[in-house]
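So the structure is just underneath, and the comments pick up after that.
4 protein chains.
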Amino acid sequence: MKPGPGPGLQMQEIPVPEPQRGEVLLQVKATSICGTDLHIRNWDPWAADHVRAPLVVGHEMCGVVVAHGPGVSEPPVGTLVSVESHVVCNRCAWCRTGSGHLCPATRILGVQRDGVFAEYVTVPAENAWPDPPDMPLSVASLQENFGNAVHTASVPDVAGRKVLVTGCGPVGIMAIAAARAFGSRSVFASDPSRYRRDMAAAMGATLTIDPHAEDLVETVMTATEGEGVDVLIEMSGAPNAAADGFRALKAGGEAALLGLFSKPVTFDLDDHVIFKGATVHGIVGRRLWDTWYKMRGLLRSRAVDLAPVITHRMPLDDFEAAFALMASGECGKVVMFPDPDDADGPLTQG
Amino acid sequence: MKPGPGPGLQMQEIPVPEPQRGEVLLQVKATSICGTDLHIRNWDPWAADHVRAPLVVGHEMCGVVVAHGPGVSEPPVGTLVSVESHVVCNRCAWCRTGSGHLCPATRILGVQRDGVFAEYVTVPAENAWPDPPDMPLSVASLQENFGNAVHTASVPDVAGRKVLVTGCGPVGIMAIAAARAFGSRSVFASDPSRYRRDMAAAMGATLTIDPHAEDLVETVMTATEGEGVDVLIEMSGAPNAAADGFRALKAGGEAALLGLFSKPVTFDLDDHVIFKGATVHGIVGRRLWDTWYKMRGLLRSRAVDLAPVITHRMPLDDFEAAFALMASGECGKVVMFPDPDDADGPLTQG
Amino acid sequence: MKPGPGPGLQMQEIPVPEPQRGEVLLQVKATSICGTDLHIRNWDPWAADHVRAPLVVGHEMCGVVVAHGPGVSEPPVGTLVSVESHVVCNRCAWCRTGSGHLCPATRILGVQRDGVFAEYVTVPAENAWPDPPDMPLSVASLQENFGNAVHTASVPDVAGRKVLVTGCGPVGIMAIAAARAFGSRSVFASDPSRYRRDMAAAMGATLTIDPHAEDLVETVMTATEGEGVDVLIEMSGAPNAAADGFRALKAGGEAALLGLFSKPVTFDLDDHVIFKGATVHGIVGRRLWDTWYKMRGLLRSRAVDLAPVITHRMPLDDFEAAFALMASGECGKVVMFPDPDDADGPLTQG
Amino acid sequence: MKPGPGPGLQMQEIPVPEPQRGEVLLQVKATSICGTDLHIRNWDPWAADHVRAPLVVGHEMCGVVVAHGPGVSEPPVGTLVSVESHVVCNRCAWCRTGSGHLCPATRILGVQRDGVFAEYVTVPAENAWPDPPDMPLSVASLQENFGNAVHTASVPDVAGRKVLVTGCGPVGIMAIAAARAFGSRSVFASDPSRYRRDMAAAMGATLTIDPHAEDLVETVMTATEGEGVDVLIEMSGAPNAAADGFRALKAGGEAALLGLFSKPVTFDLDDHVIFKGATVHGIVGRRLWDTWYKMRGLLRSRAVDLAPVITHRMPLDDFEAAFALMASGECGKVVMFPDPDDADGPLTQG
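Residue numbers (our numbering), protein chains in the order written: chain A, 1 to 350; chain B, 351 to 700; chain C, 701 to 1050; chain D, 1051 to 1400.
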């Protein structure tokens, strides 16, 4: 947890929380690290602005329902659940029109309320998504993050179309898999890291591009007979990658943007959007709960296999080593287990 | 050809047609039989109403460009092309707004103008769709019909969803393959014929149902935990199958109807459409030319393999045997070759 | 209220209900009669199947919040509210994906739980929709029913397009107003009743048609230069009207169906839907809560004026006379007031 | 015409052009000035890059068909027509899928081929859009430009919604009228010029904002109870106006961008697009020919009256004065008549 403002995290004993009305108490079985968690550990300006310490951090997890708060009967005690990290108000105009992912009163686990790098956590019952009992814990933990990828890949129309994914971090490579599962004809994937390009290929990219070694736009144009891709999925948050992505987008194409740029960027609205007649979709979070139903379909039908994304399993006690690994970029998802005996694969030495 | 009104077809020598302005002359390399051709041979009431004999029949084909009419330069002579059978006016409100498949002045090859069961045929240059030179001729011939399937499967949103296809004739099984390629999580397929259910399974159906041996609605409801399918693709034109299909459709689902019922039917608009909040799409032809681009993507990326659909290859001279086979229902697509040496697989004995 | 199974309604003294957790207690200020209420009074087969007597009937109303159940703080006591009559579960797949209007566990006021032809009623707090304090009570009562019309007119794309409304009962004429407000270029309206055609014209129909005196299809085709309308809004539930409506629909058009047919009908799926490439939308209820926000916009901007729809105001005690008037068809909406002093216009003599 | 590279325009005698195959010869009756024409007169960098002089400039016009090229029979000689200025190839993937406005081979009248500031011009027959014979010439001339506005207003869903238009030049104010006609509940319009704000109000803006005198974002937020507008229509091409427009857009809203920024700008993709879950539509030209049909509907139904937009009528010979007026910004549209006797209103002194 983050004991107070400033860099770093530490392990502390705190009381098991009490589930309030409408909430469930979950025992955490597995929890994975997200880029956001790195920002919070490092206490960068965004974190200083948004995080109220002291706070338990972490927001990707699966666990088992161990107690119900008043008024709750579902999911039953004992159910394995994944967790949606956005706790929304259910009363605003967004929540009431199927756009809860845009609720202005959203409180995020591990950011605005206690998170999941812990043995126990309370969440609203509706945020506890039942999983099949035989789902591997590391996959179950990943669903929240996979939801970002599925949401991104399901907004533009990718069926039978050519897609470019710029940025092959964990969400990028899961978006590659989702785009293939949704019927995209070919997925080009660009990232300067060979490690990540290899993961992209393993998740279904039909062509990987090293933008430092070759001209991204030229490569895509050659591969598409000068037409460009139908869909750009921008996951890098790097202005140059985004600009090249838009250059490689065909007129009338769609772009879905998830990667954050962290500050205003120089952007050619004329050439990239207006003259191109492009449609640009900003993507935030997951659709509540449409994306979760879509994920269920992709995983149950085995249209997407998340196993290659999970490259490391570690005890939660080794969180320092896990964060260092994440910071190196030489990994996919790192899953941590409060009880190392729960690990569904070989543990990595910290 | 159909020499005059009445049942039957016969082979006749006629002059090679001259391509008019904007047209190309094609040498037919392969041609496949459609259910419509059976109606025309049998001279049923629909045929008597719509077909103006004498006429060369047939509308599914591939061939090679052998001459250009005035004003034409593309596709070049020698190009292998598939043919879109709907010749549209390009001037009406439908043609001018991207809905050429609904042009009221449409003239169909083999129905309102000379068709493709012949050695040569003329078509407008825009109706000649260039294929890769190495595409198997039988697959190239099938594209027009595959287009019906792709159009049907691309109108509802099937990505990550559960689909029921009622009727597993050739278009039905190609729609199964297209729905899978567009990302559907599971495809249930129903047909009373075991031969067709086996083809459905070979094309990607995840569950096949014999509606004479089991209760279609119950089977689907069990397999979907009581929810029903998200999408119904109705290919049978059988009122009972359609009704059961709608019963198995979940509230808020989408239905795409292609199978023709041949006459008004008793239909429960209240329960099947209104109370269900369903959206029903009538499907006719292929989108000009959006569907063709989608097909190109599916075939080039090998997301769909049409080989299992083509069960018989025969010389065009054996057309009587080929039609008898089609009438039996114990076949997928039957492809005929004016020159038997062009056959891209073993020939069936007539 | 309906004291038990069988025809008729009677006025009874019952205790003021107690608001449960999440509910509000409302004092009814105005309540209007819907066609459904007639079915319930007459105890037709549908009513016998769906209504559990004893039951207070009625589902269109406005009122004032007078008490909160546990856990409720909004809307504040004293707020004027309209009521959404569909009480949904908020837990099923439909409720969780923005399609609460299709919730299979829906309980409707006045059908499956006590309704609003009463002095007091309890409803979930989320079903109490705050109105501006100066909204006329009769308009506020009408919103639930107006929502059917707005939902119907907002599903197809009517902006700049030609629309045909078959059936000019209260929902039909409100749909005419909504379609005009959403930008439809012209609205043709058909009904055999002169009274209703006059109301249709008052609500913005650009042409009214008496289908008994002239040929509906011919009239529409002449007025649209042989093209047909872009959108059919079917409100009559009469098979002939619906069939003519589809005949008057242009190829590629959209139909929205709200009127119930009460039994399976003979319908030409080939000509009306498939060959036409039409899209047919079944419409049920109102979108929760998208339709309510749309209504708020239409009423606040004065794009729609509901005053002409309200033709009669009566004391709730005169319910027998009010129902008789509704049964005659010679009225728009009949609004009843538990306290006649609340009437926002001259009262009609019973 | 532009006799060669460099600033300025001059009047010259040139031969009446000959209509080629598929073309019609038009006698120009009225022609209006667009911002693009100013750029070309001034020979700014964009013009130097795109215009091949010598060239007749101008692209907004109406006229009468006076001769047919070979193969043309429609529209008949004598027909009053408006002109679509984008001449497209009809063969590329865009033209063949209903996106001709994005054709990469587009040649624009007055930019890449001889334009309409002339007595006669040839255009492809399909670019000559028949008008009712009684349409005022100045309105008919304006349709091409009105099409930009209609296209912009028809891409986002404005029905029943709140809209902000930033930039009230001619296209901006026509977009205001189109948005109102398509059912928008309220249209906020911002422009620093009082002249233009007055025109905006005349065309239907419900609130006008001077961004130099008040805080645009604050004003919009107050007027929308802190929610923001559903739709932003950006017509100014001014980075500050666009940024404020995005700030005033509600989460999940849609933005349609038509105004050109002329160079890359600093833009906050995170806050304006991604976190907001916004959808941004680049708008170029008019949809071929969907926008033209929509315009026909809006004008015939009198849902939009363009008369207030036309502030000045002048003889074509006074083109220097007309351009000076346009450059001043103190005008709406300036319509020029080759034959001053054709003017449909009082002429302005040059």
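C-beta atoms are modelled at their ideal positions from N, C-alpha and C, and glycine is treated no differently. Here the structure is a predicted model, which means the values were calculated and not measured.
Short check: CB of valine 369(A) to CB of glycine 78(A), under 8 Å? Outside the shown range of chain A (1 to 350) lies residue 369(A), about which nothing can therefore be said.
For methionine 11(A), is the classification buried or exposed, using 16 other Cβ atoms within 10 angstroms of its Cβ as the cut-off for buried? exposed
C-beta contact flag for arginine 185(A) and glycine 160(A) at 8 Å: yes
Quick check: the segment 351-365 of chain B against the segment 384-398 of chain B, are at least 3 beta-carbon pairs closer than 8 Å? yes
So which residues on chain B does alanine 875(C) lean against when the C-beta distance must stay under 8 Å? Within chain B, no residue comes near alanine 875(C); the closest Cβ sits about 15 Å away, beyond 8 Å.
On the DSSP bridge assignment, give the partners of methionine 314(A) in chain order. Partner(s): Met336(A).
How would you call lysine 626(B), buried or exposed, if buried means at least 16 neighbouring beta carbons within 10 angstroms? buried
Tell me the DSSP bridge mates of alanine 1239(D)? BP columns for alanine 1239(D) point to Val1215(D), Thr1258(D).
Any idea what DSSP makes of leucine 999(C), helix, strand or coil? Helix at leucine 999(C).
If you run the structure through DSSP and keep just helix, strand and coil, what is glycine 1303(D)? strand
DSSP state of serine 1204(D) mapped onto helix, strand, coil: helix
Could you compute how far the alpha carbon of aspartate 618(B) sits from the alpha carbon of threonine 979(C)? 17 Å
For my contact list, threonine 1081(D) and methionine 1386(D) are in at a C-beta cut-off of 8 Å; report their separation, rounded to the angstrom. Confirmed, Cβ separation roughly 5 Å.
Would you please verify whether the beta carbon of isoleucine 983(C) is less than 8 Å from any beta carbon of chain B? Judged by the 8 Å Cβ criterion, isoleucine 983(C) is in contact with chain B.
For a quick check, are the C-beta atoms of leucine 1356(D) and leucine 1192(D) less than 8 Å apart? At a Cβ-Cβ threshold of 8 Å, leucine 1356(D) and leucine 1192(D) count as neighbours.
Chain B contact residues for alanine 793(C), given Cβ-Cβ distances below 8 Å: Contact of alanine 793(C) with chain B by beta-carbon distance below 8 Å involves Glu577.
What does lysine 994(C) touch in chain D if you count any residue whose Cβ is under 7 Å from its own? Gly1210
Stretch pair the segment 224-235 of chain A + the segment 198-210 of chain A: three plus CB contacts closer than 8 Å: no
Pick helix, strand or coil for tryptophan 129(A), following the three-state DSSP scheme. strand
Can a CB atom of chain D be found closer than 8 Å to the CB of aspartate 560(B)? no
At a CB-CB cut-off below 9 Å, which residues of chain A make contact with leucine 610(B)? Ordered by position in chain A, no residue passes the 9 Å Cβ test against leucine 610(B), which lies about 26 Å from the chain.
From the beta carbon of glycine 1119(D), is the nearest beta carbon of chain B less than 8 Å away? no
Neighbour-count burial assignment, glycine 110(A), 16 or more Cβ in a 10 Å radius: buried
Under 8 Å between C-beta atoms, does glycine 448(B) make it to chain A? no
Can you tell me the Cα-Cα spacing of glutamine 1162(D) and arginine 1102(D), whole angstroms? 6 Å
Under 8 Å between the Cβ atoms of leucine 648(B) and alanine 531(B)? Cβ atoms of leucine 648(B) and alanine 531(B): closer than 8 Å.
Threonine 1147(D) lies in the alpha helix (DSSP H); which residues open and close that run? Unbroken run through threonine 1147(D): none, as it is neither H nor E.
Please classify alanine 563(B): is it buried, with 16 or more other beta-carbons within 10 angstroms of its beta-carbon, or exposed? exposed
Name, in chain order, the residues that DSSP records as bridge partners for arginine 1163(D). Leu1159(D)
In angstroms, rounded to a whole number, what distance separates the CA positions of proline 833(C) and leucine 780(C)? 6 Å
Span of the alpha helix (DSSP H) around methionine 524(B): Note, methionine 524(B): alpha helix (DSSP H), 520-531.
For aspartate 640(B), go through chain D and note every residue whose CB falls closer than 9 Å to its CB, in chain order. Arg1146, Thr1147, Gly1148
Aspartate 1394(D) versus valine 1279(D): straight-line alpha-carbon distance, rounded: 38 Å
Can you name the residues of chain B whose CB is closer than 7 Å to the CB of glycine 952(C)? Against chain B, a Cβ distance below 7 Å from glycine 952(C) picks out Trp444, Ser449, Leu452.
Alpha-carbon spacing of tryptophan 43(A) relative to valine 16(A), whole angstroms: 26 Å
Taking all protein chains shown into account, decide if alanine 805(C) is buried (16 or more other Cβ within 10 angstroms of its Cβ) or exposed. exposed
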